[in-house]
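Residue numbers (my numbering): 1307 to 1478. Idealized CB from N, CA, C, for every residue including glycine. Keep in mind the model is a prediction, meaning the values are calculated, not measured. Note sheet for the following structure.
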């Protein structure tokens, strides 16, 4: 764990560490936030034992064009081969990107096409007008994809999120 933290690039941060006894082992899941361009160099510095070609494929399938992203690895007495990268898709015009990512995952066999389309379609926003409520609220529906490179092929998990945005001052 210490090696993972000390070898992060200048902009990298450990955001979360979790015990995972429910998985039948005494490893820790480490969640870091770092520049996309620094993922592979960081894994090399911590002597990550997994397949780098799968990491590159996982990053490419996300279509990440942003500077920073979340990465998960497992550590015990040594760094383990588990790797996952996250891609968060929100309501700010990224719905088309979600379908593109889903199509790439389907082409790899990492996603059921119907479930992928349903997940991508979940992205959006809903105005929540309550009569008599002086504070308008909008509910944002987000999609977080976790692309896992651990084993013989890429896997994907989808997490649907909801964010309420309340406008306290009714200023446009």
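State the beta-bridge partners of residue i as determined by DSSP.
{"i": "residue 1450", "result": "1394, 1465"}
{"i": "residue 1471", "result": "1444"}
{"i": "residue 1316", "result": "None; residue 1316 has no bridge partner."}
{"i": "residue 1424", "result": "In DSSP, residue 1424 forms no bridge with anything."}
{"i": "residue 1455", "result": "1460"}
With 16 as the cutoff for other CB atoms within 10 Å, does residue i come out buried or exposed?
{"i": "residue 1372", "result": "exposed"}
{"i": "residue 1333", "result": "buried"}
{"i": "residue 1468", "result": "exposed"}
{"i": "residue 1388", "result": "buried"}
{"i": "residue 1455", "result": "buried"}
{"i": "residue 1434", "result": "exposed"}
{"i": "residue 1307", "result": "exposed"}
{"i": "residue 1471", "result": "exposed"}
{"i": "residue 1464", "result": "buried"}
Looking at the secondary structure, which residues open and close the beta strand (DSSP E) in which residue i lies?
{"i": "residue 1319", "result": "1319 to 1325"}
{"i": "residue 1431", "result": "1430 to 1434"}
Is residue i helix, strand or coil when you go by DSSP?
{"i": "residue 1408", "result": "helix"}
{"i": "residue 1376", "result": "strand"}
{"i": "residue 1416", "result": "coil"}
{"i": "residue 1329", "result": "helix"}
{"i": "residue 1386", "result": "strand"}
> Which residue spans inside the region 1332 to 1369 form an unbroken alpha helix (DSSP H) run of at least 4?
Replying inline: If we require 4 residues or more, the alpha helix (DSSP H) runs fully inside the region 1332 to 1369 come out as 1345 to 1351, 1358 to 1368.
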